[in-house]
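Shown next, in structure tokens, is the structure this report addresses.
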Amino acid sequence: MRGVAVSRIAARARASAGLSWLFWWLGTGLVAVALLPLNIALPADSFDVPPLIAFVAGVGQSTGLVLALVRPRAATAVQFVAVGVLAMALPDDSGSTWPLTPAAMITLIAHIALLAARTPWPAVLTAWWGSGLLLVVVVLLDPRGRSATAALGNMIFYSIASSIVLGAVLVNRRWREVRRELVAARRDVALEQSQRAVAEERTRIARELHDVVAHSMSVIHMQATSASYRIKDLDPAAEAEFARIAAGARGTLREMRQLLAVLRDENTGPDLAPVPDLSGLPALVESARRAGVPVSLDAPPGEFAIPESVALAAYRIVQESLSNVIRHAPGAHTSVRLELEEDLLVVIENGAAARPERPMEEPGRARHGLAGMRERARLAGGTLTAGTRAEGGYRVAARLPIGGTA
């Protein structure tokens, strides 16, 4: 699942990058082509700049604008040379347009804005300061000896206009970066939440597997083990067969425990099995009785009008408790009591074992039963207490809220 999501994200990123590349080239090319005739015709016609110089300077400025997409440093150098050549060629009567004609100023500002949109901000600031320094150098080294005061207004206007455009582009760029970061963060959070939901569902499956399989295999094991006590005149062959059944049950439980450990650590899909409820308690108690455990069930008559999650939690708590009695207190008298008040109270009590416990698995195995019962009670909004009784045996009590639970 995660690999598919990453592949889709990468495909969308590549498609977006391709469209962005096309947008920048088309937009910059159109601007360069639109400014080219102005940069050539305006100096030549309005300011009597030699046509060859006007042509070279105009082509240089438009070329620098397009070149900035791939070679920003070289493009800036070409732009500055073209601006310097045109400024030096402007006649004495150029007036307020010296050292930058309107078209040349627009092209230079567009060049700085393009750098601000695509290159790191230190390089952008360097180019912007460099353009201002270029104008100062051109004015100071003017071969016609014009006064710096004549260029002051033009330079101030360029400084203000370029700084406004530069600031607007940088702010817009940062805003777009923040938006991309937020989108990426939301995507990562959504992916993480999806994986977490899958992991939680996998853990729920692990609990269901433990509750159902462990209970059933415990019953099979106990029935096979106690067959020699319950059935009189059992021939040796049948007794050996029951022993093999018990051994198989023990082996299955060992494998189930190993699988359960994997399920609790990995991720998978949701559980699609039917959800048990309290109507299945009589059958559950009967199966424990067949395993040699005398169980009494005391529950309010009629159907329980309780939420499904509470019914499931109560059922699993009773199931796990009876499985523990079968495993650890074989033959012990056990009572299951349900009380329906403001909350649902589930109490499972058993006495001392009637015969010695026969271990179903080797010592040191992982134990999830009691922790699973507590977790189920917690998820249902209730509490669970468990401990030994003073008169012997064990007691499990769960209080599960009924109102306001889904």
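Numbering (the working numbering), first residue to last: 879 to 1284. Idealized CB from N, CA, C, for every residue including glycine.
Rounded to the nearest whole angstrom, the CA to CA distance from GLY905 to ALA912 is 11 Å. The stretch 1009-1016 and the stretch 1027-1046 touch, with no fewer than 3 CB-CB distances between them shorter than 8 Å. The beta carbons of GLY1170 and SER1072 sit about 46 Å from each other, so the pair does not count as a contact at 8 Å. In this structure, the straight-line span from the alpha carbon of ALA955 to that of ARG1057 is close to 33 Å. Distance from the CA of ALA1063 to the CA of ARG1205, rounded to the nearest whole angstrom, comes to 49 Å. Rounded to the nearest whole angstrom, the C-alpha separation of PRO928 and ALA922 is 6 Å.
Between GLU1055 and the set VAL959, TRP1007, LEU1018, ARG996, the nearest pair of CA atoms involves ARG996. Beta-bridge analysis with DSSP links VAL1214 to LEU1175, ILE1226. For the set LEU986, TYR1193, LEU943, the Cα lying nearest the Cα of GLY962 is the one of LEU986.
A direct Cα-to-Cα measurement between LEU1131 and LEU1223 gives close to 31 Å. A distance below 6 Å between beta-carbons, with the five flanking residues on each side excluded, links PHE1120 to the following residues of its chain, in chain order: ALA1102, ALA1105.
Annotation for LEU1200: the continuous alpha helix (DSSP H) segment containing it runs 1186-1206. In the structure shown, GLY1265 adopts extended strand secondary structure according to DSSP, grouped into three states.
Between SER974 and ASN917, the C-beta spacing is not below 8 Å.
A straight-line Cα-Cα distance of about 13 Å links ALA1161 and HIS1093. Annotated as distal: LEU1278 and VAL1163, with beta-carbon spacing of 8 Å or more. Going by DSSP, ALA1275 is part of the beta strand (DSSP E) stretching over 1272-1279.
Taking 8 Å as the cut-off, the Cβ atoms of LEU1048 and ILE990 do not count as close. Inclusion of ARG1051 and ALA994 in the CB contact set at 8 Å is warranted, their separation being smaller than that value. Of GLY1209, ALA982, GLU1217, the smallest CA-CA separation from GLY1229 is found for GLY1209. Contact annotation: the stretch 962-971 does not touch the stretch 943-954, with fewer than three C-beta pairs closer than 8 Å.
For a cut-off of 8 Å, the C-beta gap from ARG1273 to ILE1195 is around 12 Å, too long to register as a contact. Scanning PRO1021, TYR1193, ALA952 for the CA closest to the CA of ASP970 turns up PRO1021. For ALA988, the enclosing alpha helix (DSSP H) starts and ends at 980-996. In the DSSP annotation of this structure, THR975 is not part of any alpha helix (DSSP H), being labelled neither H nor E. According to DSSP, ASP1221 shares a beta bridge with PRO1279. When DSSP states are grouped into helix, strand and coil, PHE933 belongs to the helix group. Our two residues, VAL1017 and VAL934, have alpha carbons roughly 21 Å apart in a direct line. Boundaries of the alpha helix (DSSP H) around PRO1160: 1159-1168. Judged by DSSP secondary structure, ARG1108 falls within the alpha helix (DSSP H) whose first and last residues are 1105-1108. Burial check for TRP1053: the Cβ neighbour count within 10 Å stays below 16, so the residue is exposed. Burial state of TYR1107 is exposed, judged by a 10 Å Cβ sphere holding fewer than 16 other Cβ atoms.
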